[in-house]
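Presented below is the structure to which this report refers.
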Amino acid sequence: MSKPTLSDLRAFIAVAEHRSFRRAADFLGIARPSLSHAIRGLEDSLGVRLFHRTTRSVALTEAGTRLLGRLDPLMHDLDAALEDVTGEQGHLQGQLRINGNDVAIRLLLRTVVPEFLARYPGVDLDLVAEGRLVDIVEQGFDAGIRLGEAVPKDMVAIPLGPDIRFLAVASPRYLAQRPAPEVPDALTQHQCIRQRLPSGKRYRWEFSKRGQTVEIDVPGTLTLDSNSLMVEAAIGGLGVAYVPEPYAHAALDDGRLVSVLEDWCPRIPGLSLYFPGNRHMPAGLRAFIDTIQALRSQVEELAPSKPLRKSTPAVPPHPKGER
1 MSKPTLSDLR AFIAVAEHRS FRRAADFLGI ARPSLSHAIR GLEDSLGVRL
51 FHRTTRSVAL TEAGTRLLGR LDPLMHDLDA ALEDVTGEQG HLQGQLRING
101 NDVAIRLLLR TVVPEFLARY PGVDLDLVAE GRLVDIVEQG FDAGIRLGEA
151 VPKDMVAIPL GPDIRFLAVA SPRYLAQRPA PEVPDALTQH QCIRQRLPSG
201 KRYRWEFSKR GQTVEIDVPG TLTLDSNSLM VEAAIGGLGV AYVPEPYAHA
251 ALDDGRLVSV LEDWCPRIPG LSLYFPGNRH MPAGLRAFID TIQALRSQVE
301 ELAPSKPLRK STPAVPPHPK GER
């Protein structure tokens, strides 16, 4: 029996963790047929079937589950040993993949990324900006960035900035036509600019005050899938929008928008970098976190958290889970 190679074992672990030959091949940077060939060769050399395969799913067999359980700690120890040897500043190599929304990725590009790439030119930094909330482990990411309350409970989170607020805003022209709502339920008497989430669902607006939480499927004839466009629509007098405050602060400053229901819009945890806490931390991610900590004041200064302006209704980051 020929002995499996290290590449064969890494291929097996990738398929086992991603539960998909396509995603595992993308993660490893190889062609799917090459990955399938490697797994077949591994199964032939071991004389056991490691995966149940169908056209729709991939699942570990009992033998595959036992093998993964034995390999995981061994491979983590091996990776740690290699990183200890090669992980000195300037000599770090490999790929670091981070998933976040566009606001988060933009923050990294303006603060951490230039310094990190200068320190570690051998690291291939792969930043993916998307609106939907993904399983970073299943999708092959080393870390993710989302609002604090959207971070899964089994993840380790590192705050990137102070708390933020979501707020309801409307133009003075719109509010001249009807009284500003004083409680969330009053929104049912207004024209609201609704939001379509990346998942396809429509976002139900969430408010809270003194322990009371209200969730409303607001009425409206206009639905958008962009915070920036919702702000533009509100400026144009098309209704009330509910957006992260950083998107609206410029229009609040110059009076094109005013905030309503301000006392129903508490601050919530801001952006956090998060990663699995039950796995060996890759040297690249550890170096990235060290760079964040070194630039902490700069990151916090530029993080989207501008304070809410006091509203005076004038007369002429994404639902939290997916932002």
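The UniProt record's numbering numbers the first residue of the sequence shown as 1 and each following residue consecutively.
By construction, the Cβ of each residue, glycine as well, lies at the ideal position given by its N, Cα and C atoms.
Bear in mind that the values here come from a model prediction, so they are computed numbers and not experimental data.
Query	Result
Inter-residue Cα distance where the pair is Leu261 and Gly239	14 Å
Those residues which DSSP pairs with Val128 across a bridge	Asn99
Which residues DSSP lists as bridging Ala38, in chain order	DSSP, once it has assigned bridges, lists no residue as partnering Ala38.
For Gly64, three-class secondary structure by DSSP	helix
Cut-off 8 Å between Cβ atoms - residues of its own chain near Phe116, not counting five sequence neighbours on either side	Val123, Leu125, Ala287, Phe288 and Thr291
Residues bridged to Pro244 (per DSSP)	Phe166
Terminal residues of the alpha helix (DSSP H) in which Leu271 lies	First-last for Leu271: Leu271 to Pro276, but that is the beta strand (DSSP E), not the alpha helix (DSSP H).
Option in Pro114, Ala24 and Gly131 with minimal Cα separation from Lys201	Gly131
Cβ neighbour criterion (16 or more within 10 Å) applied to Ser259	buried
Inter-residue Cα distance where the pair is Lys310 and Val231	For Lys310, the predicted structure reports a pLDDT of 39, less than 50, and the residue's modelled location is therefore unreliable. The matter cannot be settled from this model.
Phe275 vs Gly140 beta-carbon contact at 9 Å	no
Residues bridged to Tyr223 [DSSP beta-bridge criterion]	For clarity, residue 223 is Thr in the given sequence; the question names Tyr instead. Its beta-bridge partners are Arg194.
Beta-bridge partners of Thr213, as assigned by DSSP	Ser208
Proximity of Gly148 and Pro246 at Cβ, strictly below 9 Å	no
Where Phe141 falls: helix, strand or coil (DSSP)	coil
Candidates Gln95, Leu74 and Leu9, of which the one nearest Ala283 by Cα	Gln95
Burial state of Pro73 (16 or more Cβ within 10 Å)	exposed
Leu229 - DSSP class collapsed to helix/strand/coil	helix
As assigned by DSSP and simplified to three states, the class of Met75	helix
Status (buried if at least 16 other CB within 10 Å, exposed otherwise) for Asp142	buried
Spatially closest choice to Asp263 from Leu167, Thr61 and Pro162, by CA coordinates	Leu167
DSSP state of His91 mapped onto helix, strand, coil	coil
N- and C-terminal bounds of the alpha helix (DSSP H) containing Val48	That residue, Val48, is in no alpha helix (DSSP H); it is neither H nor E in DSSP.
Within 9 Å, strictly: CB atoms of Leu68 and Leu60	yes
Host alpha helix (DSSP H) of Ala14 (start-end)	Leu6 to His18
Segment contact, 8 Å Cβ cut-off, at least three pairs: the region 155-164 with the region 174-185	no
Segment limits, beta strand (DSSP E) that includes Ile158	Met155 to Pro159
Between the CA atoms of Ala25 and Arg32 - distance to the nearest angstrom	5 Å
Buried or exposed (CB count within 10 angstroms, at least 16 for buried), Leu257	buried
Straight-line gap, Leu35 to Ala11 (C-alpha atoms, nearest Å)	7 Å
Boundaries (first-last residue) of the beta strand (DSSP E) holding Val258	Val258 to Val260
Buried/exposed call for Glu182, threshold 16 Cβ in 10 Å	exposed
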